[in-house]
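Numbering of the sequence shown is given in my numbering, commencing with residue 440 and proceeding in unit increments.
Idealized CB from N, CA, C, for every residue including glycine.
Please read the structure below before turning to the comments.
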Amino acid sequence: MKTQRQAKILELVRERTIETQEELAAALRAEGFEVTQATVSRDIKELSLIKIPGENNTSYYASPDEPLMRRGGEERLKRLVRLSLSDINSSENLIIIKTPPGEAQGMASAIDHIHWPEIIGTVAGDDTILVIVKPKEVASQVVQRFLDLARR
440 MKTQRQAKIL
450 ELVRERTIET
460 QEELAAALRA
470 EGFEVTQATV
480 SRDIKELSLI
490 KIPGENNTSY
500 YASPDEPLMR
510 RGGEERLKRL
520 VRLSLSDINS
530 SENLIIIKTP
540 PGEAQGMASA
550 IDHIHWPEII
560 GTVAGDDTIL
570 VIVKPKEVAS
580 QVVQRFLDLA
590 RR
């Protein structure tokens, strides 16, 4: 049942804009799945769903491997940085980006997909992204690139 439920979750987030776990649970119930909020929360984590900033200060769930996520490259990152970058700081080869709650994973995914050669990778929490760069001397330049995206 878990496999079927998770397949249905992926289908639902591809077809609809689902902003909350409660909305997702209701959609699953409408499809005949008896779920609790805790089950939906675990499924979201296991499926690595991310929140993508939407219009009017909203965000919605998406699969990180959805083709839509790979399109748009720098334009997508620019939009996410404009909407979600709250603060940015660096130390040595580490950059910390702060976002509103629930939006760090979407921005981290966009950073990963832009393939800037200086960025080794990202780690995202709920509202914080750790960006690792190499060599450490370019950290300030990468921070400036993010700031430039926020201004465009």
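Determine the extent of the beta strand (DSSP E) in which residue i is found, giving its start and end residues.
i           : result
residue 558 : 558 to 563
residue 570 : 567 to 572
Run the CB neighbour count on residue i, radius 10 Å, all protein chains shown included, and call it buried at 16 or more, exposed below.
i           : result
residue 562 : exposed
residue 548 : buried
residue 477 : exposed
residue 575 : exposed
residue 461 : exposed
residue 454 : exposed
residue 573 : exposed
residue 545 : buried
residue 579 : exposed
CB-CB under 6 Å to residue i, same chain, minus the five flanking residues each way: which ones, in chain order?
i           : result
residue 540 : 565 and 566
Should residue i and residue j be called a contact, given that it needs their Cβ atoms to be closer than 9 Å?
i           : j           : result
residue 449 : residue 502 : yes
Where does the unbroken alpha helix (DSSP H) through residue i begin, and where does it stop?
i           : result
residue 415 : Outside the displayed span of the chain (440 to 591) sits residue 415, for which this structure offers no information.
residue 545 : 543 to 553
Ignore the nearest five residues each way along the sequence and tell me which others in residue i's own chain have a CB closer than 7 Å to its CB.
i           : result
residue 470 : 447
Could you give the uninterrupted runs of the alpha helix (DSSP H) lying entirely in the segment 453 to 535, keeping only those of 4 residues or more?
The DSSP assignment places 460 to 469, 476 to 485, 506 to 509 and 512 to 523 as complete runs of the alpha helix (DSSP H) inside the segment 453 to 535, in order along the chain (cut-off: 4 residues).
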